[in-house]
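Asker: First the structure, then my questions, so here it is.
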Amino acid sequence: MCARLAEAGFAEALWAQRLDVWTSDRATQEKIGNRLGWLTAIDAVTPQLARLRAVADSIRDSSLTDFVLLGMGGSSLAPEVLRQILGVAPGYPRFRMLDSVDPDAVRDALSHAATSVFIEASKSGSTIEPTVMAAEARARVIASGEPNWGSRFIAITDQGTALHQRAIENRYRDVFVNPSDIGGRFSALSLFGMVPGGFMGADVSGILARARDMETACRGTRVSENPGLALGAFMAAGAADGRDKLTLLLHPRLASFGLWVEQLIAESTGKQGKGIVPIAGEAFDQSPGSDRAVVAVSLAGEPPVPSLEAVRASATTPLVEIDVPDVIAIGAEFLRWEVATATAGQLMGINPFDEPNVSEAKLATSELLTTYETTGDLPGDAPDDHFEGAALTVSTAARESLGGHAARQFLQLVRSGDYFALLAYLPPDREPFHTALQQIRSSVGAALGCATMFGYGPRYLHSTGQLHKGGANNGVFVIITAPPDSDLPIPDRPYSFGVLEMAQAIGDFRSLERNGRRALHVHLPTRDAGMLRRIFEELLSHSS
């Protein structure tokens, strides 16, 4: 792989934005040409730093207590990584990211609306999730007695979008216009990542300086010494050799970085029946399988990454070790992995900058919501089985593979080389469900000896969802839904947050079905974590 990159002169071609290195097809070249702005994101952000600091200082010195980022997908995950790794500097307002339409999650995030500033982030300016979140936030700010509600909002978007226009018309506190040739998942070092970082009091200049050092290294023409190209070659070589499960072993302080890497790799490489399956956050305590390659990311001066010694002891498992000197070097890691992912895409013969299958689930959701507006109900498929009042529905491909066996035997469909994905439409990280879901993920992986993924909906629809539907057909999916105890209406919409959440889950299930995927939809009658555990105990009891 390294020889191929050297022969193509890929390092020079990438930074020169030479489109012929990707493909000779003019239409694809044009699409790629409109997505290479991440290569110069540092140059675009640097002139904005003084303005960013001024806005952050004005809010820090006010009586406002909270920043709430309203976003979805890659453009919101980078700020969450910064929050978890770097934290919020003393004296700055609390910071949280809302990327869920679950009614409980929305209520919780907006509970301090009277003293909050809301960052509405959307590249397209019309993404449904941040749009409806912002509508509810606006209603709560107005209800708190603030007549100039726009002063509580800051927008991050592309030039001329609906959000850009709305922000100007409603006199938002500020509007940060990002270069339009940067895709969401490659936007960590753009205004989508750095503006929220500045509002947390992070050393944005230091983050960008480390990224600049990485850029210099990634311009090197000796592929084996180029940190981005070498990592990308490793990823692509693993996929070509059947080791398409890229397992990330991260120092606990860097654990949240796995969320961002996961969406970057999955959405970039999962298409045309190919894909690198990023495995992040897995309790990795078994011997590495023949379908895995491993990247371990350590933090200098800290204890070794868990499970690393076991992988080192496996003479047959491909392993790359990365040592991060300190947490501010997260900026360098953002760039390293962006370059690596672009490189892997080139070697795999795909366009790493498009997401052709993401729109499928969006369209399915839109159709379901249209039906709801007409009939007052969301159409659903007839369940194949029931257990403790929960409805179990399998996709056509799963039903055919089961050959007449009950839906409870669904996990028998996991074969050698498959991965298992647990997808939950529930409030993110909320107990007791979060612990239950993590334990279920571990139990399935241990019992079936397979790699496992986990994601909250609708977050994963904008990231790993592309891989699920566009990648190789080696995923087995379980979607979990449960009605909220109390729903929440969406201002000026004929449906609620709970209805939107359910439509997205059903829409994704149908999209998986249309792509011939093995999928199971488990709909709980109530939000009962104990019931969910018992359902998976039943499924696992029939897995062999």
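With our numbering as the guide, the letters of the sequence shown map in order to residues 42 to 585.
Heads up, the beta-carbon is just placed ideally off N, CA and C, and yes, glycines get one too.
Please list, in chain order, all residues of the same chain as VAL173 whose beta carbon is under 6 Å from its beta carbon, the five residues on each side excluded.
Answerer: To locate residue 173, count along the sequence shown from 1; it is residue 132. Around VAL173: ILE531.
Asker: For HIS205, report the span of its alpha helix (DSSP H) as first-last.
Answerer: Translated into the one-based positions of the sequence shown, residue 205 becomes position 164. Here the alpha helix (DSSP H) through HIS205 covers 203 to 210.
Asker: Distance, Cα to Cα, GLY132 vs ALA250?
Answerer: Counting from one through the sequence shown, the residue named residue 132 turns up at place 91. Counting from one through the sequence shown, the residue named residue 250 turns up at place 209. Going from the Cα of GLY132 to the Cα of ALA250 covers about 24 Å.
Asker: Could you say if the segment 284 to 302 and the segment 344 to 359 meet the contact criterion of at least three C-beta pairs nearer than 8 Å?
Answerer: They touch, by the three-pair rule.
Asker: Alpha carbon to alpha carbon, what distance is there between TRP79 and GLN58?
Answerer: On the sequence shown, position 17 is the one that residue 58 refers to. On the sequence shown, position 38 is the one that residue 79 refers to. GLN58 and TRP79: Cα-Cα distance of roughly 11 Å.
Asker: DSSP three-state label for ALA456, please.
Answerer: Your numbering for residue 456 matches position 415 in the sequence shown. The question names Ala, but residue 456 is Arg in the sequence shown. The answer is coil: DSSP assigns ARG456 none of H, G, I, E or B.
Asker: To the nearest angstrom, how far is the alpha carbon of SER157 from that of ILE195?
Answerer: Against the sequence shown, residue 157 aligns to sequence position 116. Against the sequence shown, residue 195 aligns to sequence position 154. So the two alpha carbons sit approximately 11 Å from each other.
Asker: Quick one: any contact between the segment 264 to 279 and the segment 316 to 336, if contact means 3 or more CB pairs under 8 Å?
Answerer: The segment 264 to 279, when compared against the segment 316 to 336, does touch it at the 8 Å Cβ threshold.
Asker: With a threshold of 6 Å on Cβ separation, who are the neighbours of LEU463 within its own chain once the five nearest residues in sequence on each side are excluded?
Answerer: Locating residue 463 in the sequence shown gives position 422, counting from the first residue. Within the same chain, LEU463 has close Cβ partners ARG482, PHE495, VAL519.
Asker: If the criterion is Cβ atoms closer than 8 Å, does the pair HIS509 and ARG558 meet it?
Answerer: The residue you call residue 509 lines up with position 468 of the sequence shown. The residue you call residue 558 lines up with position 517 of the sequence shown. Going by C-beta atoms, HIS509 is nearer than 8 Å to ARG558.
Asker: Going by C-alpha to C-alpha distance, which of GLY458, PHE538, VAL216 sits closest to VAL236?
Answerer: Working through the sequence shown from its first residue, we reach residue 236 at position 195. Among GLY458, PHE538, VAL216, the Cα nearest to that of VAL236 belongs to VAL216.
Asker: Check MET494 in the structure and name its three-state DSSP category.
Answerer: Translated into positions along the sequence shown, residue 494 becomes position 453. MET494: strand per DSSP, three-state reduction.
Asker: Return the chain-ordered ranges of every alpha helix (DSSP H) run that is complete within the segment 340 to 404 and spans a minimum of 4 residues.
Answerer: The segment 340 to 404 contains these whole alpha helix (DSSP H) runs: 349 to 354, 371 to 389.
Asker: On a CA-only basis, which of THR310, PRO393, GLY511, GLY539 is nearest THR69? Give me that one, please.
Answerer: In the sequence shown, residue 69 corresponds to position 28, counting from 1. It is PRO393.
Asker: Within 8 Å, do at least three Cβ pairs link the segment 231 to 248 to the segment 333 to 351?
Answerer: At 8 Å Cβ cutoff, the stretches do not touch.
Asker: With the cut-off set at 8 Å, would you say THR505 and ALA334 are in Cβ contact?
Answerer: In the sequence shown, the residue the question calls residue 505 occupies position 464. In the sequence shown, the residue the question calls residue 334 occupies position 293. No. Outside cutoff.
Asker: Give me, in chain order, the residues of the same chain whose beta-carbon lies closer than 7 Å to that of GLU579; leave out the 5 immediate sequence neighbours on both sides.
Answerer: Here residue 579 refers to the residue found at position 538 when the sequence shown is read from its first residue. Excluding residues within five positions, the ones whose Cβ falls inside 7 Å are PHE428, ARG449.
Asker: Flag this pair as yes or no: are the beta carbons of LEU93 and GLY239 separated by less than 8 Å?
Answerer: Residue 93 sits at position 52 when you count from the first residue of the sequence shown. Residue 239 sits at position 198 when you count from the first residue of the sequence shown. The answer is yes: Cβ separation under 8 Å.
Asker: What are the uninterrupted segments assigned as beta strand (DSSP E) that are 3 or more residues long and contained completely in the segment 212 to 248, given in chain order?
Answerer: Segments of the beta strand (DSSP E) lying fully in the segment 212 to 248: 215 to 219.
Asker: From what residue to what residue does the beta strand (DSSP E) around ASP426 run?
Answerer: Within the sequence shown, residue 426 is the residue found at index 385, counting from 1. Taken as a continuous stretch (DSSP letters only), the beta strand (DSSP E) holding ASP426 covers 426 to 428.
Asker: Looking at TRP378: is its Cβ nearer than 8 Å to the Cβ of VAL264?
Answerer: Looking up residue 378 in the sequence shown gives position 337. Looking up residue 264 in the sequence shown gives position 223. Not closer than 8 Å, so no.
Asker: Please list, in chain order, all residues of the same chain as GLU323 whose beta carbon is under 6 Å from its beta carbon, the five residues on each side excluded.
Answerer: In the sequence shown, the residue the question calls residue 323 occupies position 282. The answer, listed in chain order, is THR493.
Asker: Enumerate, from N- to C-terminal direction, the unbroken beta strand (DSSP E) stretches of 3 or more residues contained entirely within the segment 406 to 487.
Answerer: Listed in chain order, the complete beta strand (DSSP E) runs (minimum 3 residues) inside the segment 406 to 487 are 426 to 428, 431 to 435, 460 to 466.
Asker: Verify whether the separation of the beta carbon atoms of ASP528 and PRO144 is less than 8 Å.
Answerer: For the purposes of this step, residue 528 is identified with residue 487 of the sequence shown, where counting begins at 1. For the purposes of this step, residue 144 is identified with residue 103 of the sequence shown, where counting begins at 1. Yes, these two residues count as a Cβ contact at 8 Å.
Asker: Do ALA546 and TYR497 come within 8 Å of each other at the CB atom, strictly closer than that value?
Answerer: For the purposes of this step, residue 497 is taken as residue 456 along the sequence shown, with counting starting at 1. For the purposes of this step, residue 546 is taken as residue 505 along the sequence shown, with counting starting at 1. Not in contact: TYR497 and ALA546 (Cβ atoms no closer than 8 Å).
Asker: Distance check for TYR460 and MET451, CA to CA, integer angstroms please.
Answerer: Here residue 451 refers to the residue found at position 410 of the sequence shown. Here residue 460 refers to the residue found at position 419 of the sequence shown. What sits at residue 451 in the sequence shown is Phe, not Met. Cα to Cα, PHE451 sits roughly 14 Å from TYR460.
Asker: Just to confirm, is the Cβ distance from ASP102 to HIS153 under 8 Å?
Answerer: Taking the sequence shown and counting its residues from 1, the one referred to as residue 102 is at position 61. Taking the sequence shown and counting its residues from 1, the one referred to as residue 153 is at position 112. For ASP102 and HIS153, no; Cβs fall outside 8 Å.
Asker: Taking the C-alpha atoms as reference points, what is the distance between PHE375 and CYS259?
Answerer: Counting from one through the sequence shown, the residue named residue 375 turns up at place 334. Counting from one through the sequence shown, the residue named residue 259 turns up at place 218. About 12 Å.
Asker: Where does LYS286 fall in DSSP's three states?
Answerer: On the sequence shown, position 245 is the one that residue 286 refers to. Strand at LYS286.
Asker: By DSSP, does VAL335 sit in helix, in strand, or in coil?
Answerer: Within the sequence shown, numbered from 1, the residue matching residue 335 stands at position 294. Looking at VAL335 - three-state DSSP - the assignment turns out to be strand.
Asker: What span of residues does the alpha helix (DSSP H) with PRO120 cover, start to end?
Answerer: Reading the sequence shown from its first residue, position 79 is the one you call residue 120. Start and end: 115 to 127.
Asker: Where LEU553 and GLU408 are concerned, what is the direct C-alpha to C-alpha distance, given to the nearest angstrom?
Answerer: For the purposes of this step, residue 553 is taken as the residue at position 512 of the sequence shown. For the purposes of this step, residue 408 is taken as the residue at position 367 of the sequence shown. About 16 Å.
Asker: Determine the closest residue to ILE160 out of LEU454, GLY224, PHE136, with distance taken between C-alpha atoms.
Answerer: Numbered from 1 along the sequence shown, position 119 holds the residue referred to as residue 160. Closest option to ILE160, Cα to Cα, is PHE136.
Asker: Should GLY273 and ALA383 be called a contact, given that it needs their Cβ atoms to be closer than 8 Å?
Answerer: What you label residue 273 is simply residue 232 of the sequence shown in a count that begins at 1. What you label residue 383 is simply residue 342 of the sequence shown in a count that begins at 1. In contact: GLY273 and ALA383 (Cβ atoms closer than 8 Å).
Asker: Would you call ASN189 buried or exposed, if buried means 16 or more other Cβ atoms sit within 10 Å of its Cβ?
Answerer: Position 148 of the sequence shown holds residue 189. The residue is exposed, with fewer than 16 neighbouring Cβ atoms inside 10 Å.
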